[in-house]
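Everything below concerns the one structure shown next.
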Amino acid sequence: MKKLTGSFSARALIHLLLLRPFLKLFFGVNVAGKKNLASLDQYIIIANHNSHLDILLLFYILPIKQILTTQPVAAEEYFSKWKVLFKLVNYLFSPIWIVRDREVDDPLRGMREALNSGNSIIIFPEGTRGIPGQIIKFKTGVGRLAMEYRNIPIIPVFISGTEKSFPKKSTIPMPIWNNVTIGPPQMFKGEGQDITSSLEKMIRELSYSETAKRHKRYKQPKPAIAFAVYGIDGSGKSTLSRIVAKKLSNAFRVCLVSDHLEFYENENQKELQPLLTEKVREALGRYAKTAKSLKQYKIPKLAELLLRDHILGEVQRWYTPDIIVQDGCPLINLAAWAKLYREEYFDAEVCARAIRILTGKREAIKKDDPIFKKFHELAALRRFRLDHMRLPDAVIFLDVAPAVSIQRILSRGEQRQVHETEEKLAKLREGYLLVTQVVEKEFNIPARILDGESEIDKLTASAIEFAKESSLREP
Amino acid sequence: MFSEISKVPVILIFLALSLFLLLTKVFKIRIPYKSYIHYLWTFFLIFAASETLSFGIAIWILAVLCFMALREYFTLVDIRMQDRWGILGAYLSIPFMIIFIQFDYYGMFIISIPVYAFLGIPFLVTLGGKEIKGTLLSIGIIDLGLFLLVYCIGHIGYLALSSTWWAIMLILNVAICDLIAILMRKGKNHRWSSVLIQYSVSAPMTIILTLGLSYWTGIPWFHCVFLGILIPLLVAIGRHTIRYIEKDIGISRDQLLPGKGQVIDNLRSFLYAAPVIFHYLRFFSMRSDAF
Chain A
448 MKKLTGSFSA RALIHLLLLR PFLKLFFGVN VAGKKNLASL DQYIIIANHN
498 SHLDILLLFY ILPIKQILTT QPVAAEEYFS KWKVLFKLVN YLFSPIWIVR
548 DREVDDPLRG MREALNSGNS IIIFPEGTRG IPGQIIKFKT GVGRLAMEYR
598 NIPIIPVFIS GTEKSFPKKS TIPMPIWNNV TIGPPQMFKG EGQDITSSLE
648 KMIRELSYSE TAKRHKRYKQ PKPAIAFAVY GIDGSGKSTL SRIVAKKLSN
698 AFRVCLVSDH LEFYENENQK ELQPLLTEKV REALGRYAKT AKSLKQYKIP
748 KLAELLLRDH ILGEVQRWYT PDIIVQDGCP LINLAAWAKL YREEYFDAEV
798 CARAIRILTG KREAIKKDDP IFKKFHELAA LRRFRLDHMR LPDAVIFLDV
848 APAVSIQRIL SRGEQRQVHE TEEKLAKLRE GYLLVTQVVE KEFNIPARIL
898 DGESEIDKLT ASAIEFAKES SLREP
Chain B
672 MFSEISKVPV ILIFLALSLF LLLTKVFKIR IPYKSYIHYL WTFFLIFAAS
722 ETLSFGIAIW ILAVLCFMAL REYFTLVDIR MQDRWGILGA YLSIPFMIIF
772 IQFDYYGMFI ISIPVYAFLG IPFLVTLGGK EIKGTLLSIG IIDLGLFLLV
822 YCIGHIGYLA LSSTWWAIML ILNVAICDLI AILMRKGKNH RWSSVLIQYS
872 VSAPMTIILT LGLSYWTGIP WFHCVFLGIL IPLLVAIGRH TIRYIEKDIG
922 ISRDQLLPGK GQVIDNLRSF LYAAPVIFHY LRFFSMRSDA F
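Going down the list, the sequences are from chains A and B.
Numbering of the first sequence is given in the working numbering, commencing with residue 448 and proceeding in unit increments.
Numbering of the second sequence is given in the working numbering, commencing with residue 672 and proceeding in unit increments.
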């Protein structure tokens, strides 16, 4: 490609007399750091990409003598759809056309030719216009190019406002100010990938300083990820869930819903605004523990579990955590306890149906389903519209032999609850195992069974690893 | 006879301001609050154009000013992608209102934005997309901006149509209040006691100025005194209110560039005063023989 020379031409005049005044008067352009560009002869401009206006704005900031010697990199298949537009763009900017999808021997060839002939180039390393107002991960071509041409300075430029004034998928440009921030010229030494990532970091920093004070609407907080640890009494679930909550709080705001509500940030427990529901639940829980028979135990425990589930909503609303770690999951507890009361009838299919009813999938289960005859409680819950329990996003079942758990309960020196006999705990354990399988298979929720008798450090490590790979993929 | 005499001072003030701005530009003199003088100059450009050329030209300069203010406002607020039709409606409301001022059609001017634009823009916002969340907030944001920065400023135009000198009286009085507020500003904290002191200083000044201008405005002396009391009050209320909006949308006093708060900041004192003074003068001039 021959070098484009000459400072006076029709093309430059169109830029100076038509495009620049139009941008200034219709949209309004603020440029910061113009002197970063002033004294340079050859450079590579790196900018974020939101809109077709970006290229006009980048030509707006160029010194007059550089208009004819600067070439942007553009995707050919996008512009070639309209012949007139293609010709116009070709005339005004003389871009280096890149074919996006086709396998080409070297996509950087055009850019090398331009740089070798002494021209400057403009690259949008994001590759596409992407999501409005967000910077996506940079492609690696920039780094490779910078590695080859270490003597040519790279100028990071951040453009904002175009995502509002002429965003992707819009037909009419709207008069809204655009801001262009030109960063200082950069020379790099390291490897290609390091260069790409440090350029991306630079553009992000420019974007923070530009958008920090901007008006933002109140956004609905993301729903917290619920992560449940359960097992029979004495399996060590409280201990494990507390340690897991503390460990996770390094990176997230974690709320632990255990016998008490606890909130962790950076491994420190924080003071919390007390919740009335929580006080009621604690009192109910204490009352249930003193029950003399299973029948007496049932109703207060059910109420306590319902409240415990209800608290999840309140915790989310008032404390806005990223993660809720549950010590025992009300829904799974309820389902597993069915095994204790109606062992002969309870199987995987019934369990799945019970969970569907409890999570409020009214359409899936009809009113005259036989399950309601066997479990009157379910009918009552449905009747009183208490069937909106939350299924956690990931579950861990802490499996312990009943004999071991009884031993642990005795060693605590507490009064034994009514169901804490070896026979009943064995049944309960079966129930939990069944529910875990159902939850994993029928509801596609990541589940893991951990051996509660192994060491606590090992348990914690595998629980955290599981939490991270299952539910925390995208923080 | 009357109009022949009144032209000269308007043009003189305009020329003086132009010369002042030109000198500061040529000799690169840095003066604080220079941008405010630019906006004063714009107002006097409108008045001078109205007196020498035609009111039609003058009012469209005001339309450009409204456009600039509204453009800056929409740049600073958080808008959703689908509010763009509503914003287009807001921009189109400017010529819709200005045209009625130009042809002296008071009945339509006064309802153009509060009735037609405020009913039309919500409809346009709902046409923009299917997302429901945030609709009310968007409509509120667009409508308030349109009301303050177009409708309220538009009243200055209609006031100038009634009498250029009434509009000049308003602009100069507000400018005096702003000048006193700037001179007496202490620290960054806003205190009601300091607002009260500012008011007690500026009220006598505005009374004297209004009385002095009554030779051209033709406002009877008791109305002059009342206007002199009223204008600083409205300016204080306006400045206070717009300050809250400015802080919310991220306008900082450290970097007042056009597009980053300069236009809104310089117009803020006029926003409350213009409509109230316009209706005050209109009410009494239609009912009183003294005007």
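Cβ coordinates follow ideal geometry from the N, Cα and C atoms, glycine included.
Every value quoted in this text rests on a predicted model; they were computed, and no experiment measured them.
Run the CB neighbour count on residue i, radius 10 Å, all protein chains shown included, and call it buried at 16 or more, exposed below.
i: W731/B; result: buried
i: M672/B; result: Residue confidence is low: M672/B scores 39 on pLDDT, short of 50, so the model does not pin down where it sits. No coordinate-derived value is stated.
i: F954/B; result: exposed
i: F913/A; result: buried
i: T452/A; result: Reliability of the predicted coordinates at T452/A is poor, the pLDDT of 49 falling under 50, and no value is obtained from them.
i: Q773/A; result: buried
i: E921/A; result: The pLDDT assigned to E921/A is 47, lower than 50, so where the model puts this residue is not dependable; a value taken from the coordinates is nonetheless given after this. Exposed, because fewer than 16 other Cβ atoms sit within 10 Å of the Cβ of E921/A.
i: V786/B; result: exposed
i: V546/A; result: exposed
i: H894/B; result: buried
i: S454/A; result: Confidence in S454/A is poor, its pLDDT being 47 and thus under 50, which makes the residue's placement unreliable; the coordinate value appears in the next sentence. Exposed, because fewer than 16 other Cβ atoms sit within 10 Å of the Cβ of S454/A.
i: A445/A; result: This structure cannot speak to residue 445/A, because chain A is shown only from 448 to 922.
i: N697/A; result: exposed
i: W892/B; result: exposed
i: L535/A; result: exposed
i: A761/B; result: buried
i: M836/A; result: buried
At the level of alpha carbons, what is the spacing between residue i and residue j?
i: K678/B; j: P622/A; result: 36 Å
i: G805/B; j: F793/A; result: 47 Å
i: V681/B; j: A831/B; result: 12 Å
i: K693/A; j: G683/A; result: 16 Å
i: Y870/B; j: F585/A; result: 56 Å
i: K449/A; j: G800/B; result: Low per-residue confidence applies at K449/A: pLDDT is 41, beneath 50, and the placement is therefore not dependable, though the value from the model is reported in the following sentence. Cα to Cα, the separation comes out at about 48 Å.
i: G828/B; j: W712/B; result: 15 Å
i: G825/B; j: L463/A; result: 34 Å
i: G909/B; j: I890/B; result: 24 Å
i: D842/A; j: F674/A; result: First, the amino acid is wrong: residue 842/A is Val here, not Asp. Computed Cα separation, rounded: 6 Å.
i: L759/B; j: L927/B; result: 26 Å
i: R924/B; j: V934/B; result: 12 Å
i: L736/B; j: H950/B; result: 22 Å
i: E916/A; j: R895/A; result: 12 Å
So for residue i, helix, strand or coil by DSSP?
i: I890/B; result: coil
i: C776/A; result: coil
i: N697/A; result: coil
i: D904/A; result: helix
i: I599/A; result: coil
i: S607/A; result: strand
i: F533/A; result: helix
i: Q633/A; result: strand
i: Q518/A; result: strand
i: S567/A; result: strand
i: K717/A; result: strand
i: L703/A; result: strand
i: E712/A; result: strand
i: L884/B; result: helix
i: L897/A; result: strand
i: A494/A; result: strand
i: I578/A; result: coil
i: D846/A; result: strand
i: S454/A; result: In this prediction, S454/A has a pLDDT of 47, which is less than 50 and means its spatial position is unreliable; nothing more can be read from the coordinates.
i: I543/A; result: strand
i: G930/B; result: coil
i: I920/B; result: coil
i: K820/A; result: helix
i: L833/A; result: coil
Heavy atom of the ligand SAM less than 7 Å from the Cβ of residue i, yes or no?
i: V845/B; result: The ligand SAM is not part of the structure shown, which contains no ligands of any sort.
List the residues that DSSP assigns as beta-bridge partners of residue i.
i: N625/A; result: V476/A
i: F674/A; result: V772/A and A841/A
Does the separation of the CB atoms of residue i and residue j fall below 8 Å?
i: S940/B; j: C848/B; result: yes
i: I514/A; j: A459/A; result: yes
i: I913/B; j: L747/B; result: no
i: I810/B; j: I792/B; result: yes
i: I492/A; j: V627/A; result: no
i: D840/A; j: L805/A; result: no
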